[in-house]
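Asks: Each residue of the first sequence is one higher than the last, beginning at 159 in this note's numbering.
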Amino acid sequence: MAKQNKTAISPTRAEDYPEWYQQVVKAADMAETSAVRGCMVIKPWGYAIWEHIQKNLDNMFKETGHVNAYFPLFIPKSFLEKEAEHVEGFAKECAVVTHHRLEAGPDGGLIPAGELDEPLIVRPTSETIIGATFAKWVQSYRDLPLLINQWANVVRWEMRTRLFLRTAEFLWQEGHTVHATKEEAVEETEKMLGVYATFARDYMAIPVLTGVKTESEKFPGAEKTYCIEAMMQDKKALQAGTSHFLGQNFAKASDIKFLDDQGQLQYGWTTSWGVSTRLIGGLIMTHSDDNGLVLPPRLAPTQIVILPVLHKDGDHGEVLAYCEALAKDLKHTFYGDDPIRVDIDKRDIRGGEKSWGWVKKGVPLRIEVGPRDIAENKIFGARRDEDGKFSMDRDEFVAKAASLLEEIQNGLLTRATTLRDENTVELDSEDAFYDFFTNNAGFVKAHWNGSPVIEEKIKNDLNVTIRCIPLDDTDGEGVCIFSGEKSPRKVIFGKSY
RNA sequence: CGGGCUGUAGCGCAGCGGCUAGCGUACAUCGUUCGGGACGAUGGGGUCGCCGGUUCAAAUCCGGCCAGCCCGACCA
């Protein structure tokens, strides 16, 4: 009561966005830092969200013909050295294993012993080790396309880390494919980008721009990097997924060759694509508010939580039985392809506190059931995406639950889309550009002549980068706002995570 | 990896040479409460991040290391 006007999360987004983010992660009990530098512990609530991301994405990968496999955590140093750009890109952030044994030291401690002939790199990504394997698997054009995915952890020794957004170790999936022709490989790259964009929109309720990275932003060793870019509530861009057309670079480095239908030996054309636990960071920063996490129903570990109102002197049995029956009916209802996920919180703690706990965890619908409701065969509910509560006939609620969840899901997408569109502007002069990014953040669409020198300059001046060259470009040619030279198309600029 | 700040109970913090280390909150028990963060009483919980140095005496001063946060460079 005394705290009625206060928000659950302090500071608020407006007061201190980065700190707010950390507090949301903590308040929702999703993850925490560990004793190991830069590495996080993903707690059950955070991991459950990842499991739903995995499950749905995995289905989409299967539907597009991919199968899962698993490759080693360790990559021989010599493998990483095979592709020049690749080495250069990742060398600065690799964990290196040099020994395979520990021996007792003089002070009772342990010292590494048994030095390896060749150091092993903890994978920062798996192109090279998978390439070496694919070289053995691929002999004939009949072996193609080879469509493989792996769910794994990778390590990139980051200097500056933030839970979910950038950690030294993170979980992801990496798809790796080999194709007989360039066209087919490009098609695959674009297809998987489409899968990511669809997943982001339909499951995460995050609208994304699809596009291509500039030369300076592309994946080390790729011919072309496609990406999905989302706008967070602080108007900064988050790269939420990438899909790479690798040309024949890795095929040549790993010797992936096949005999075509003419009996000619050819190098394969490869792709790779991935999304990571960073998506959870994007989810938080897209939807959450000053009361904590807000989850899109499709990914919420619990979609509806039932909170029995238990008076000390009242009949707990009756209330709980009513809740159990309600939960059972809801679980027999489908939302999307799955039964609604319902939880009853029977913990004996204060109602307000219990309720706030679920607000902070972002559960889409909270239902309170007390003796008064039971007498009238009603429920009392609250939506996470709106203020206020509603009273509803019990059976009517069961019938409407799935459509309510869908309404919340769609509402979140609409809200996020509106925010993005309201903060996307088209500018046609350098002054306007500098003026915008000096005072604001957001997406700016503007003509650019393709020069990396200009990219470098605006990065230094404003900390702004080209997020992507949009795929759905309809603007056509124009004049570069920085150089006055001819520009083939408009590109998207923004500050990024 | 550079610059700044920080590390004391689960969490948030005070104490910054002096003898028994404290407060809020959370936790446990009891009572009164109970439909959006209750109140009272009692109680449990700490090798003051780690290692070393200075000192009669170190949470407190010094050095090194580890971890975190912010700002850069780098990156999903």
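Even for Gly, the Cβ is constructed at its ideal location relative to N, Cα and C. The structure presented is a predicted model; accordingly, all values stated were derived computationally and were not measured.
1. Does the contact criterion of 3 or more C-beta pairs under 8 Å hold for the stretch 338-347 versus the stretch 357-369?
2. Quick check: K382 and F403, are their CB atoms within less than 9 Å of each other?
3. For the alpha helix (DSSP H) holding N656, just list the boundary residues, first then last.
4. Let me make sure I understand the geometry here. Which of D392, P454, I525 has the alpha-carbon closest to that of N597?
5. Find the nearest neighbour of G600 within the set V611, E332, T575, N311, judged by alpha-carbon distance.
6. Give me the residue from V521, H474, T491, A485 with the minimum Cα distance to R505.
7. Taking Cβ to Cβ, would you say K519 is nearer than 9 Å to A186?
8. Under 9 Å, do S284 and E332 count as touching if we go by C-beta distance?
9. For H490, count neighbouring C-beta atoms within 10 Å of its own C-beta (all shown protein chains included) and say buried if the count is 16 or more, exposed if not.
10. Please go through the same chain and pick out, in chain order, the residues whose beta-carbon is closer than 6 Å to the beta-carbon of H334, but skip the five residues on each side of it.
11. Starting from K547 and walking both ways along the alpha helix (DSSP H), at which residues does that stretch end?
12. So is S645 buried or exposed if we call it buried at 16+ other beta carbons inside 10 Å?
13. DSSP on W309, reduced to helix/strand/coil?
14. Taking C-beta to C-beta, are Q461 and Y425 nearer than 9 Å?
15. Let's see if you can read the secondary structure: which residues bound the alpha helix (DSSP H) around E285?
16. Since E627 and L367 are thought to touch, with beta carbons under 8 Å apart, how far apart are those beta carbons, to the nearest angstrom?
17. Is it true that the stretch 545-554 meets the stretch 582-590, where meeting means three or more beta-carbon pairs spaced less than 8 Å apart?
18. Less than 9 Å between the beta carbons of P365 and L453, yes or no?
19. Please state whether the Cβ-Cβ distance between I438 and M218 is less than 9 Å.
20. Out of curiosity, what's the CA-to-CA distance linking R530 and Y179?
21. Below 8 Å on the Cβ atoms is my contact criterion, and I expect F328 with R436 to pass it. Report the Cβ-Cβ distance as a whole number of Å.
22. DSSP three-state call for Q162: helix, strand or coil?
23. Skipping 5 residues on each side, what residues in its chain have a beta carbon closer than 6 Å to that of T291?
24. My understanding is that K235 touches S412, with C-beta atoms under 8 Å, so please give their C-beta distance in whole angstroms.
25. Nearest CA to the CA of E276: which residue from V254, K294, L260?
26. Which of helix, strand or coil does DSSP assign to M188?
27. Rounded to whole angstroms, what's the CA-CA distance from A160 to L465? Just pull it up for me.
28. Which runs of the beta strand (DSSP E), 3 residues or longer, sit entirely within the stretch 332-389?
29. Would you kindly check if the distance between the Cβ of K394 and the Cβ of G652 is under 9 Å?
30. Going by the beta-carbon positions, is the gap between L278 and T444 smaller than 9 Å?
31. Hey, how far is the Cα of T170 from the Cα of L274?
32. Pull up the CB-CB distance for Y384 and T347, whole angstroms please, since I reckon it's below 8 Å.
33. Using CA atoms only, rank isn't needed, just tell me which of R647, I414, A166, T286 is closest to D631.
34. Quick check: the Cα distance between N163 and D448, rounded to an integer number of angstroms?
35. At the level of alpha carbons, what is the spacing between V353 and R508?
36. Which stretch, first to last residue, makes up the alpha helix (DSSP H) that contains S236?
Replies: Short version:
1. No, the stretch 338-347 does not touch the stretch 357-369.
2. Start at 1 with the first residue of the first sequence, and residue 382 comes out as number 224. Start at 1 with the first residue of the first sequence, and residue 403 comes out as number 245. Yes. Within cutoff.
3. With the chain represented from 159 up to 655, any question about residue 656 goes unanswered, as that position is not in the structure.
4. Taking the first sequence and counting its residues from 1, the one referred to as residue 597 is at position 439. Check the Cα spacing between N597 and each of D392, P454, I525: the tightest is with D392.
5. Counting from 1 along the first sequence, the entry for residue 600 is found at position 442. Measuring from the Cα of G600, the nearest candidate turns out to be T575.
6. Locating residue 505 in the first sequence gives position 347, where the first residue counts as 1. Nearest of V521, H474, T491, A485 to R505, Cα basis: H474.
7. The residue labelled residue 519 in the question sits at position 361 within the first sequence. The residue labelled residue 186 in the question sits at position 28 within the first sequence. Yes, they are a contact pair.
8. As a first step, residue 284 must be located in the first sequence, where it is residue number 126. As a first step, residue 332 must be located in the first sequence, where it is residue number 174. Going by C-beta atoms, S284 is nearer than 9 Å to E332.
9. Along the first sequence, one-based indexing puts residue 490 at 332. Burial call: exposed.
10. Here residue 334 refers to the residue found at position 176 of the first sequence. Excluding residues up to 5 positions away in sequence, I288, I306, S430 lie with their Cβ nearer than 6 Å to the Cβ of H334 in the same chain.
11. Position 389 of the first sequence holds residue 547. Here K547 belongs to no alpha helix (DSSP H); instead the beta strand (DSSP E) covers 547-551.
12. The residue you call residue 645 lines up with position 487 of the first sequence. Counting Cβ neighbours within 10 Å, S645 comes out buried, since at least 16 surround it.
13. On the first sequence, position 151 is the one that residue 309 refers to. Residue state, collapsed to three classes: strand.
14. Here residue 461 refers to the residue found at position 303 when the first sequence is read from its first residue. Here residue 425 refers to the residue found at position 267 when the first sequence is read from its first residue. Against a cut-off of 9 Å, the Cβ pair of Y425 and Q461 comes out as no contact.
15. Position 127 of the first sequence, counting from 1, holds the residue named residue 285. That run of the alpha helix (DSSP H) goes 285-295.
16. Start at 1 with the first residue of the first sequence, and residue 627 comes out as number 469. Start at 1 with the first residue of the first sequence, and residue 367 comes out as number 209. Residue identity check: residue 627 is Ile in the sequence provided, not Glu. With a Cβ gap of about 10 Å, I627 and L367 do not count as contacting.
17. Contact fails: fewer than three Cβ-Cβ distances are below 8 Å.
18. Sequence index remark: in the first sequence, residue 365 carries index 207 (1-based). Sequence index remark: in the first sequence, residue 453 carries index 295 (1-based). Judged by beta-carbon spacing, L453 lies beyond the 9 Å limit of P365, meaning their Cβ atoms are not closer than that value.
19. Position 280 of the first sequence, counted from the start, is the residue given in the question as residue 438. Position 60 of the first sequence, counted from the start, is the residue given in the question as residue 218. No; because the gap between Cβ atoms is not below 9 Å, this pair is not in contact.
20. Position 372 of the first sequence, counting from 1, holds the residue named residue 530. Position 21 of the first sequence, counting from 1, holds the residue named residue 179. Separation of R530 and Y179 (C-alpha to C-alpha, rounded to the nearest whole angstrom) is 38 Å.
21. Within the first sequence, numbered from 1, the residue matching residue 328 stands at position 170. Within the first sequence, numbered from 1, the residue matching residue 436 stands at position 278. F328 to R436, Cβ: 7 Å. Contact.
22. Residue 162 sits at position 4 when you count from the first residue of the first sequence. For Q162, the pLDDT reaches just 37, beneath the cut-off of 50, and the residue's location in the model is therefore unreliable, leaving the point undetermined.
23. As a first step, residue 291 must be located in the first sequence, where it is residue number 133. There are no such residues.
24. Taking the first sequence and counting its residues from 1, the one referred to as residue 235 is at position 77. Taking the first sequence and counting its residues from 1, the one referred to as residue 412 is at position 254. The beta carbons of K235 and S412 sit about 15 Å from each other, so the pair does not count as a contact at 8 Å.
25. Position 118 of the first sequence, counting from 1, holds the residue named residue 276. Looking at the Cα atoms, V254 is the closest of the given residues.
26. Stepping through the first sequence from its first residue, residue 188 is reached at position 30. Coil, per DSSP.
27. For the purposes of this step, residue 160 is taken as residue 2 along the first sequence, with counting starting at 1. For the purposes of this step, residue 465 is taken as residue 307 along the first sequence, with counting starting at 1. Here A160 scores only 30 on pLDDT, less than 50, and its place in the model should not be relied on; the value that follows carries that caveat. For A160 and L465, the distance between alpha carbons rounds to 22 Å.
28. If we require 3 residues or more, the beta strand (DSSP E) runs fully inside the stretch 332-389 come out as 367-370, 382-389.
29. Counting from one through the first sequence, the residue named residue 652 turns up at place 494. Counting from one through the first sequence, the residue named residue 394 turns up at place 236. Between G652 and K394, the C-beta gap is smaller than 9 Å, which places the two residues in contact.
30. The residue you call residue 278 lines up with position 120 of the first sequence. The residue you call residue 444 lines up with position 286 of the first sequence. Not closer than 9 Å, so no.
31. Locating residue 170 in the first sequence gives position 12, where the first residue counts as 1. Locating residue 274 in the first sequence gives position 116, where the first residue counts as 1. If I take the Cα positions, the gap works out to 51 Å.
32. Against the first sequence, residue 384 aligns to sequence position 226. Against the first sequence, residue 347 aligns to sequence position 189. Indeed they touch by this definition, with Cβ atoms about 6 Å apart.
33. One-based indexing of the first sequence puts residue 631 at position 473. Scanning R647, I414, A166, T286 for the CA closest to the CA of D631 turns up R647.
34. As a position in the first sequence, residue 163 is number 5, starting the count at 1. As a position in the first sequence, residue 448 is number 290, starting the count at 1. Caution applies to N163, whose pLDDT of 45 falls short of 50 and renders its modelled position unreliable; the value that the coordinates give is listed next. A direct Cα-Cα distance of roughly 12 Å separates N163 from D448.
35. Sequence index remark: in the first sequence, residue 353 carries index 195 (1-based). Sequence index remark: in the first sequence, residue 508 carries index 350 (1-based). One C-alpha to the other measures close to 44 Å.
36. The sequence position of residue 236 within the first sequence is 78, counting from 1. Per DSSP, S236 belongs to the alpha helix (DSSP H) from 235-238.
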